[in-house]
Structure formats: C-alpha cells, structure tokens
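Numbering (this note's numbering), first residue to last: 4 to 226.
Below is the structure:
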C-alpha cells in the first residue's frame, strides 16, 4: 500500500515534538536534598522520603502517586535517623542506602539495570559517618549525587556529567581549591539558612548552568 507523501510529512511534524518531549528528563525539588527524577518508566527518589519532623527539615506533602510509582530511593545519609521508614513501607520502591544490607542493594541495582539505568554507589564520608554518593548513568548521560560528602575528589574525578547535585559546603570547598566540576548543570542540594534568592555562590564549572532550587521547582536536566 502506498503512503501519501503529505500524510507522511504531517506525521513526522507531529511525531518529532512528541518524541522530544518524551526524552525530556527533569528533577523536581521535594525539599532539603530530596529530588524526584523520572527516567523513562522508572523514577528515582534522592534522599526521599525523609522525616519532615527532623531538625531543619522542610515540611512537605508526599507526592500523590508515591504509593504506586515504580522506582528506587537512593539515600546518601549514613544512618536511618532522617529516613522516613513508615512512609517508605507504603511504597513499591527499591532502596539503595548505606544502612541497607549488601544483598538487598545488589538486588535493587539489578532491577535498575533491567530498566537501562546503572547506579554506582561510592563511599562518601560525612564527618565520622560513612555516607554514600552515587553516579547514575541513563542513555549515555551521567548524573552525580554527592550527598553530604566532604571530600570533593570523587566528584572532581567524574567527567562529562549531565548534572551534578552538590551541597553548598562541597561547592565552596571545590571553589577554595581552585578546581572545576565537569558538568553541564550544577544543582545545589543543601544550603545554609540564607534564602535561595539572596545566596551568593561560586560557580566552579565551565559554561554550566547553576541552579539553586526552591521547594517544588522543576529543573530540566537534559533532553
């Protein structure tokens, strides 16, 4: 059967924007260092759900689909004291965290890989506590989540990042050392009490976009 050339052209004109929209990857700031990132049919929750009653934590309303979405929670904090285990048990999420047994982490990593998502946990000291940072690879793009890491060496060793999620303290450490972060988007995840609009931050990366998000803000990471 022959295809009408005009119909074919119209299909391409309509389909291309839809395809571009489907490829758009965003991060929603849920509060404090917590983010929601959709990667195809799988969702990453970074440092979420956290206990809203913990000291200095932003209050929040859980996403309405939290109990139904397929995904993985990546926790950077060393201990479970900020992690809301009650809310987590009501979800279908897998869990990657420093306080999770190795066998459970291996199973969660395998399910991520089945979605074409590859996560690489790294030890990241937070004072005298052994926290974690993560490199996540998806469709050839790499995301870095440093958590409360104090040593910038792993972050500085990462190359060609699509986005780096970095605490204010680590950002200032990198700047003080005169180093550069190889990333296109630099997201500040934890900041001091200064309001985001008046925060004076260095930008230790070349031709990158610096984002200091408000709670609820949606950030485009890449297409």
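Just so it is clear, CB atoms sit at the ideal spot from N, CA and C, and this is done for glycine as well. This one's a predicted model, so the numbers in the text were calculated from it and none came from an experiment.
{"Query": "Please confirm if the segment 82 to 95 is in contact with the segment 137 to 153, defined as three or more CB-CB distances below 8 angstroms between the two stretches.", "Result": "no"}
{"Query": "Quick check for students: name the residue ranges of the alpha helix (DSSP H) that lie wholly in the segment 107 to 173, counting only runs of 4 or more.", "Result": "156 to 160"}
{"Query": "Counting only runs that start and end within the segment 39 to 121, where is the alpha helix (DSSP H) found for 4 or more residues in a row?", "Result": "88 to 92 and 105 to 117"}
{"Query": "Does the Cβ-Cβ distance between residue 119 and residue 127 come in under 7 angstroms?", "Result": "no"}
{"Query": "When the Cα of residue 141 is compared with those of 175, 182, 105 and 123, which residue comes out closest?", "Result": "123"}
{"Query": "Determine the DSSP secondary structure at residue 217, reduced to helix, strand or coil.", "Result": "coil"}
{"Query": "Would you grab the beta carbon distance between residue 186 and residue 166 for me? Rounded to a whole angstrom, and I think it's under 8 angstroms.", "Result": "6 angstroms"}
{"Query": "Is the beta carbon of residue 205 sitting closer than 7 angstroms to the one on residue 176?", "Result": "no"}
{"Query": "Could you have a look at residue 179 and say whether DSSP puts it in helix, strand or coil?", "Result": "helix"}
{"Query": "Measure from the alpha carbon of residue 38 to the alpha carbon of each residue in 71, 225, 44 and 78, then state which is nearest.", "Result": "78"}
{"Query": "Closest by CA to residue 48, which one among 159, 225, 174 and 139?", "Result": "139"}
{"Query": "Can you tell me whether residue 222 is helix, strand or coil according to DSSP?", "Result": "strand"}
{"Query": "For residue 212, which of helix, strand or coil comes out of DSSP?", "Result": "strand"}
{"Query": "Under the rule that 16 or more other beta-carbon atoms within 10 Å means buried, what is residue 58, buried or exposed?", "Result": "exposed"}
{"Query": "Please report the residue range of the beta strand (DSSP E) in which residue 236 lies.", "Result": "Given a span of 4 to 226 for the chain in the structure shown, any question on residue 236 remains unanswerable."}
{"Query": "Which residues mark the beginning and the end of the beta strand (DSSP E) in which residue 202 is found?", "Result": "It is not in any beta strand (DSSP E) - residue 202 carries neither H nor E in the DSSP assignment."}
{"Query": "Once the 5 residues before and after residue 255 are set aside, which same chain residues still bring their CB inside 7 angstroms of it?", "Result": "No statement about residue 255 is possible, as the shown extent of the chain runs from 4 to 226 and does not include it."}
{"Query": "Which same chain residues end up closer than 6 angstroms to residue 31 when comparing Cβ atoms and leaving out the 5 residues on each side of it in sequence?", "Result": "39 and 221"}
{"Query": "Whole angstroms is fine: what's the gap from residue 20's alpha carbon to residue 44's?", "Result": "Per-residue confidence for residue 20 stands at a pLDDT of 46, beneath the threshold of 50, marking its modelled position as unreliable; the derived number appears in the next sentence. Cα to Cα, residue 20 sits roughly 19 angstroms from residue 44."}
{"Query": "Once you ignore the five residues that flank residue 70 on each side, which residues in its own chain have a CB closer than 6 angstroms to its CB?", "Result": "93 and 94"}
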